[in-house]
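J.: For the working numbering, count along the sequence shown from 1 and bump the result up by 139.
Backbone N, C-alpha and C define an ideal beta-carbon position, used for all residues, glycine too.
Have a look at this one.
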Amino acid sequence: MLDFIRQFGKNRHQVGSLVPSSRFLGDALIYRIKSHQGKKQILEVGPGTGAVTQRLVSQLSPGDELWLVEANPRFCEILEEKCQGIWSQNLLGVTVHIKRLYLEHLKEGLEFDFIVSGLPLNNFEPEVVQSILQSYQRLLKPDGYLSYFEYLAVRKLRSVVTNLTGSRAGLEVNSILDGFIDRFQIEAKPVFLNIPPAVARHFQLKDEA
Ligand SMILES: C[S@@+](CC[C@H](N)C(=O)[O-])C[C@H]1O[C@@H](n2cnc3c(N)ncnc32)[C@H](O)[C@@H]1O
Numbered sequence: 140m141l142d143f144i145r146q147f148g149k150n151r152h153q154v155g156s157l158v159p160s161s162r163f164l165g166d167a168l169i170y171r172i173k174s175h176q177g178k179k180q181i182l183e184v185g186p187g188t189g190a191v192t193q194r195l196v197s198q199l200s201p202g203d204e205l206w207l208v209e210a211n212p213r214f215c216e217i218l219e220e221k222c223q224g225i226w227s228q229n230l231l232g233v234t235v236h237i238k239r240l241y242l243e244h245l246k247e248g249l250e251f252d253f254i255v256s257g258l259p260l261n262n263f264e265p266e267v268v269q270s271i272l273q274s275y276q277r278l279l280k281p282d283g284y285l286s287y288f289e290y291l292a293v294r295k296l297r298s299v300v301t302n303l304t305g306s307r308a309g310l311e312v313n314s315i316l317d318g319f320i321d322r323f324q325i326e327a328k329p330v331f332l333n334i335p336p337a338v339a340r341h342f343q344l345k346d347e348a
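So this is what it looks like as structure tokens:
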């Protein structure tokens, strides 16, 4: 927890929240993974100190593959330690890749059954949001699921603030995310037991014929 707060102090924009997600939010994000039959390839983006990963690792079986893509070097060290320590029993027979990089730089040719993302999209510039959404589309199998969260009402609030300040970038991000949600979202679950309360969103990225 202290590490998380420290890193937030250093880079608020990228870390995006003062405290890690609650286990309730973690469970709301990963619950679809439980019912998957057979081996699975999972990408977690922006795992931070592993609040959601902690819930995820208990759903893994030998033969599964887990990729953790995290931009913050200190968080990557913590994830390494946890994989070798407290999570090691759950990771027996699981191939784990911890990549210290931005999602947008993850190499071509990979495809996942599940993408679970903690990226604070609402903090980013419109071009970055576009590029991240394109990365999700590139990296998810046609029948795969993408799950991410955002804090409740954050975009509504931003509309109000943006109208007052006159900045356009926030409204552009709202419109990009609204479009993505309208087109691909299959489920949204509010999670009130989180600081702050959030909504877990689930997507399939194939267009209807
Ligand atoms: C809001 S925190 C979420 C942490 C954790 N998943 C949780 O729910 O408590 C966002 C995380 O995304 C990471 N991050 C931000 N932009 C990223 C990017 N483009 N690629 C990979 N990680 C990124 C940050 O370093 C931070 O750890």
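Between the stretch 311 to 323 and the stretch 232 to 248, can you find at least three pairs of beta-carbon atoms closer than 8 Å?
T.: no
J.: How about Leu168 and Ala210: are their beta carbons less than 9 Å apart?
T.: no
J.: DSSP three-state label for Tyr284, please.
T.: Shown here, Tyr284 sits in a strand according to DSSP, grouped into three states.
J.: DSSP state of Pro212, grouped into three classes?
T.: Note: Pro212 maps to helix in three-state DSSP.
J.: Label Ala292 either buried or exposed according to how many other C-beta atoms from any shown protein chain fall within 10 Å of its C-beta, with 16 as the threshold for buried.
T.: exposed
J.: Closer than 8 Å to a non-hydrogen atom of ligand 1 - does that hold for the CB of Ile271?
T.: yes
J.: Considering only residues of the same chain and omitting the five flanking positions on each side of Gln416, which have a CB-CB separation below 6 Å?
T.: The question about residue 416 has no answer here: the residues shown for the chain are numbered 140 through 348.
J.: Of the residues Gly309, Asn229 and Lys221, which one's Cα is nearest the Cα of Glu264?
T.: Gly309
J.: Go ahead and label Leu141 buried or exposed: buried means 16 or more other beta carbons lie within 10 angstroms of its beta carbon, across all protein chains shown.
T.: exposed
J.: Can you check whether the CB of Phe288 is closer than 9 Å to the CB of Val338?
T.: yes
J.: Excluding the five sequence neighbours on either side, which residues of its own chain have a C-beta within less than 8 Å of the C-beta of His236, listed in chain order?
T.: Counting only Cβ-Cβ distances below 8 Å, and skipping sequence neighbours, we find Glu204, Leu205, Trp206 and Leu207.
J.: Since Ser256 is in the alpha helix (DSSP H), which residue starts that stretch and which ends it?
T.: Per DSSP, Ser256 belongs to no alpha helix (DSSP H); it is in the beta strand (DSSP E), Phe251 to Ser256.
J.: Could you round the C-beta distance between Tyr284 and Gln343 to whole angstroms and report it? I think they count as a contact, below 8 Å.
T.: 6 Å
J.: Please name the residue in Phe323, Gly257 and Leu231 whose C-alpha comes closest to that of Ser160.
T.: Gly257
J.: According to the neighbour-count rule (16 or more other Cβ atoms, all chains shown, within 10 Å of its Cβ), is Ser227 buried or exposed?
T.: Classification of Ser227: exposed, given that the 10 Å Cβ count is below 16.
J.: Using only the alpha-carbon positions, how far apart do Arg151 and Gln223 sit?
T.: 28 Å
J.: Looking only at its own chain, which residues have a Cβ that is under 7 Å from the Cβ of Asp282, when we skip the five neighbours before and after it?
T.: none
J.: Between which two residues does the alpha helix (DSSP H) holding Arg171 run?
T.: Per DSSP, Arg171 belongs to the alpha helix (DSSP H) from Arg162 to Lys173.
J.: Taking the C-alpha atoms as reference points, what is the distance between Val158 and Leu182?
T.: 22 Å
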